[in-house]
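Below you'll find the structure, written out as structure tokens, and then a few comments.
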Amino acid sequence: MTDLFLPDFMLLALLGGVLIAWLAAPLGVFVVWQRQAYFGETLAHSALLGIGLGLLLDLNLTLAILATSFMLVFSLHHLRQSTQLAADTLLGILAHGSLALGLVVLSLQGNIQLDLMGYLFGDILSLHEQDLIWIGLLSVVVAYFFKHYWHDLLNLTLNSELARVEGVAVKQLQLAMTLLLALVIALAMKIVGILLITSLLILPAAAARRLAHTPEQMLAYTFVTGAMSVLLGLLASYHWDIPSGPAIVVSATFIFVILRFKPRPRA
Amino acid sequence: MTHLPLISANHIYHQFDGKPVLQSVSLQLHANQITTLIGPNGAGKSTLVKILLKLIKPTQGQVIHHQTLVIGFMPQKIHIDPTLPLTVQRFLQLGQKRGEHHTTSLERIADELGVRPLLSQAVQSLSGGEMQRVLLARALIRAPNLLVLDEPVQGIDLKSQAEIYQLIHQQQLKRQCAVLMISHDLHLVMKHTDEVLCLNQHICCSGDLQSLRNNPIFIDQFAGGLSEHALYQHHHTHCNHG
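For the protein sequence lines, the chains are W and S, in the order given.
Residue 223 in our numbering sits at position 223 of the first sequence; the count goes up by one each step and never skips.
If you count the second sequence from 1, you need to add 267 to reach our numbering.
Shown next as structure tokens:
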């Protein structure tokens, strides 16, 4: 009966995928509101360098990805202060520099069988039960963080100086958000891959904009559009035998385009 | 009521990349006083304000905040991305302390500043003058004893400028709060100001408006390009004092 829709072995993928979409939702709305899409992209690209170094030094891959994310944020901060290059130029340099370096480091490990396509575009069937445990743990942290700091995060999005004068710990919150973003990227990588992760962050949120009149509504609709993207993507992937990562992103794009036809909300 | 200043800055030096921006700036902001900080572009006004607000640490010198200090800050510019669905009402609520949503106090302030009809509008849809009034409302919502206004009338039309000044003055009288206002334009110094500080990396001169008009340093530094007429016309209101 179930394999009319999805066979049992894909239910794990569906569960993991929907949870990842929900993890990405609160980060995604803030990435969109704060115009940080390119930053998310850069963080995602640097993850490949993390994998390369992790494999080379035989480290836990999630930890290695976190370490490279920190290196990236630190380099960005340093470059912003010491050069006159615009932020998007710096992000471009770091995104592609780290992606290329990641590919080089990976290629040095000639004796290891590597699923490079899996890292770049995702392979949801590589999701294990152990990954689900990590996703579950991270969900608790993300839920607590956004519930507790929602008001402060909205204020720092409006104007960081005003927020600081009003007593918000802006730098700490931004750092925490970057850390969570890096963790979500490390986990979401298996599902949509490094090159497509940003779309999982921004497409459901951008699609939800048309439906929402408050920030909270936008988040709620992002949960819906994100979950729908994963479900439709996996169905399409199974029935038409297309790769799951791109199928999820195409579904998200499809939902975004459909919602463009809805009239613009007032507020 | 104590006589300690709300903010006191002592011998502030600040530099960016080895270039001095501020040199030996000392000032005090007292309760219920209107202070206007003027100076040309690049004089270090914004840097000084950030130091006074403790947003940045000066290279040297110290800033002391009185323990009762509550600051209402009106930033120079605010850009809110249109993807954030936010009404004016919600924008003002976000200015209240967490979990402290007094609808009545919010509505009272909205009435006083004439932004009540805007409450249900998207905050991104406001005109320049409307936005300034909303920002002023937000600065007032925590019942501050010091209002810090960074170029509050920049980029808005003359009629709205006069309205904003009037609102600031009304609120200051009503609340008896101190005001620190920043301006790069001599035309835009509020006539009710108690003290004008002229900054060009250091404080060149200070005093009330009347005395500064006759101060040769002031005229030399700040009034060079301005005609006497412009100086006296002073933002289209008549001077009643002096």
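Yeah, the Cβ is synthetic: ideal placement off N, Cα and C, and Gly gets one too.
Quantities reported herein were computed from a predicted structural model and do not represent experimental measurements.
Note down, in chain order, all residues in the region 320 to 344 of chain S with a beta-carbon under 8 Å from any beta-carbon belonging to chain W. Within the region 320 to 344 of chain S, Leu-320, Leu-322, Ile-338, Phe-340, Pro-342 place their CB atoms closer than 8 Å to a CB of chain W, listed in sequence order.
Would you mind working out which of S:Leu-466, S:Cys-465, S:Leu-407 sits nearest Lys-441 (chain S), comparing C-alpha positions? Closest option to Lys-441 (chain S), judged by alpha-carbon separation, among S:Leu-466, S:Cys-465, S:Leu-407: S:Leu-407.
So, helix, strand or coil for Gln-84 (chain W), using DSSP? Coil at Gln-84 (chain W), not helix or strand.
Determine, using beta carbons only, whether Ala-497 (chain S) comes closer than 8 Å to chain W. Caution is warranted here: a pLDDT of 39 is assigned to Ala-497 (chain S), below 50, making its placement in the model unreliable, and the coordinate value is therefore given only provisionally. Answer no: the Cβ-Cβ gap between Ala-497 (chain S) and chain W never drops below 8 Å.
Using a Cβ-Cβ cut-off of less than 9 Å, list which residues of the region 430 to 461 of chain S approach chain W; keep chain order. Those residues of the region 430 to 461 of chain S that come within reach of chain W (Cβ to Cβ, closer than 9 Å) do not exist; the list is empty.
Beta carbon of Gln-109 (chain W) nearer than 8 Å to that of Leu-57 (chain W): Judged by beta-carbon spacing, Leu-57 (chain W) lies beyond the 8 Å limit of Gln-109 (chain W), meaning their Cβ atoms are not closer than that value.
Considering just the uninterrupted stretch of the alpha helix (DSSP H) at His-148 (chain W), what are its terminal residues? Per DSSP, His-148 (chain W) belongs to the alpha helix (DSSP H) from 129 to 158.
What residue from S:Glu-418, S:Ile-484, S:Tyr-432 has the CA that sits closest to Ile-305 (chain S)'s CA? Ranked by how close their Cα comes to the Cα of Ile-305 (chain S), the residues S:Glu-418, S:Ile-484, S:Tyr-432 have S:Glu-418 in first place.
Tyr-238 (chain W) bridges to which residues according to DSSP? DSSP output for Tyr-238 (chain W) lists no bridge partner at all.
Run the CB neighbour count on Tyr-144 (chain W), radius 10 Å, all protein chains shown included, and call it buried at 16 or more, exposed below. Tyr-144 (chain W) comes out exposed.
Gly-102 (chain W) versus Leu-72 (chain W): straight-line alpha-carbon distance, rounded: Roughly 13 Å separates the two Cα atoms.
Under 8 Å between C-beta atoms of Met-228 (chain W) and Ile-255 (chain W): Inclusion of Met-228 (chain W) and Ile-255 (chain W) in the CB contact set at 8 Å is warranted, their separation being smaller than that value.
Return yes when the Cβ of Ile-484 (chain S) is within less than 8 Å of the Cβ of Leu-294 (chain S), no when it is not. No, these two residues do not count as a Cβ contact at 8 Å.
DSSP state of Pro-204 (chain W) mapped onto helix, strand, coil: Three-state result, Pro-204 (chain W): helix.
For Trp-33 (chain W), return the contacting residues in chain S, with the cut-off set at a CB-CB distance below 9 Å. Here the neighbours are Ile-347, Asp-348, Thr-350, Leu-351.
I need the straight-line Cα distance from Ser-392 (chain S) to Asn-155 (chain W), nearest angstrom please. Within the model, the alpha-carbon separation for Ser-392 (chain S) versus Asn-155 (chain W) is close to 19 Å.
Looking at the structure shown, is Lys-286 (chain S) part of a helix, part of a strand, or coil, going by DSSP? Of the three classes helix, strand and coil, the one that applies to Lys-286 (chain S) here is strand, per DSSP.
Look up Met-341 (chain S) in the DSSP assignment and give the residues it is bridged to. S:Leu-416, per the DSSP bridge assignment.
Presumed contact (8 Å Cβ cut-off) between Met-448 (chain S) and Thr-303 (chain S), rounded CB distance: Confirmed, Cβ separation roughly 5 Å.
Under 8 Å, do Ser-199 (chain W) and Ala-252 (chain W) count as touching if we go by C-beta distance? In this structure, Ser-199 (chain W) places its C-beta atom within 8 Å of the C-beta atom of Ala-252 (chain W).
Counting contacts by CB-CB distance shorter than 8 Å, is Val-165 (chain W) in contact with chain S? For Val-165 (chain W), the answer is yes, since a Cβ of chain S falls inside 8 Å of its Cβ.
Rounded separation between Lys-147 (chain W) and Leu-153 (chain W) - CA only: One alpha carbon belongs to Lys-147 (chain W), the other to Leu-153 (chain W), and they sit about 10 Å apart.
Going by the DSSP bridge assignment, what does Leu-294 (chain S) pair with across the sheet? Looking at the DSSP assignment, Leu-294 (chain S) forms a beta bridge with S:Ala-276.
Have a look at Asp-123 (chain W) and His-78 (chain W) and give me their C-alpha separation to the nearest angstrom. For Asp-123 (chain W) and His-78 (chain W), the distance between alpha carbons rounds to 35 Å.
Within 10 angstroms of its Cβ, does Ser-46 (chain W) collect 16 or more other Cβ (buried), or is it exposed? Per the 10 Å Cβ criterion, buried.
State the Cα-Cα distance for the pair Tyr-186 (chain W) and Leu-61 (chain W), rounded to the nearest angstrom. The amino acid at residue 186 (chain W) is misidentified as Tyr; the sequence shows Ala. Distance between the alpha carbons of Ala-186 (chain W) and Leu-61 (chain W) is about 8 Å.
Which same chain residues end up closer than 8 Å to Glu-462 (chain S) when comparing Cβ atoms and leaving out the 5 residues on each side of it in sequence? Closer than 8 Å at the Cβ level, and outside the excluded window around Glu-462 (chain S), lie Gln-300, Ile-301, Thr-302, Thr-303, Ser-473, Gly-474, Asp-475.
What residues of chain S sit near Met-218 (chain W), judged by a beta carbon separation below 7 Å? Going along chain S in sequence order, the residues near Met-218 (chain W) (Cβ under 7 Å) are Pro-352.
Take Ala-169 (chain W) as the anchor and find which of W:Leu-183, W:Leu-181, W:His-151 has the nearest alpha-carbon. It is W:His-151 whose Cα lies nearest to the Cα of Ala-169 (chain W).
Rank W:Val-250, W:Pro-263, W:Leu-259, W:Gly-245 by C-alpha distance to the C-alpha of Tyr-119 (chain W) and give the top, closest one. For the residues W:Val-250, W:Pro-263, W:Leu-259, W:Gly-245, the minimum Cα distance to Tyr-119 (chain W) belongs to W:Gly-245.
How about Val-316 (chain S): is its Cβ closer than 7 Å to a heavy atom in the ligand GDP? With respect to the ligand GDP, the structure offers nothing, as it holds no ligand at all.
In chain S, what lies closer than 7 Å to Ala-212 (chain W) by C-beta? Using a Cβ-Cβ cut-off of 7 Å, Ala-212 (chain W) is close to Pro-352 of chain S, given in chain order.
Quick one: residues in its chain with C-beta nearer than 8 Å to the C-beta of Ser-75 (chain W), no 5 flanking neighbours on either side, listed in chain order? So the qualifying residues of the chain are Leu-94.
Around the C-beta of Ser-494 (chain S), are 16 or more other C-beta atoms found within 10 angstroms, so that it is buried, or is it exposed? At Ser-494 (chain S) the pLDDT is 40, less than 50, meaning the model places this residue with poor confidence and gives no usable figure here.
For His-45 (chain W) and chain S, any beta-carbon pair shorter than 8 Å? For His-45 (chain W), the answer is no, since every Cβ of chain S falls outside 8 Å of its Cβ.
Going by DSSP, what residue range makes up the beta strand (DSSP E) through Glu-41 (chain W)? Element bounds for Glu-41 (chain W): not the beta strand (DSSP E) but the alpha helix (DSSP H), 37 to 57.
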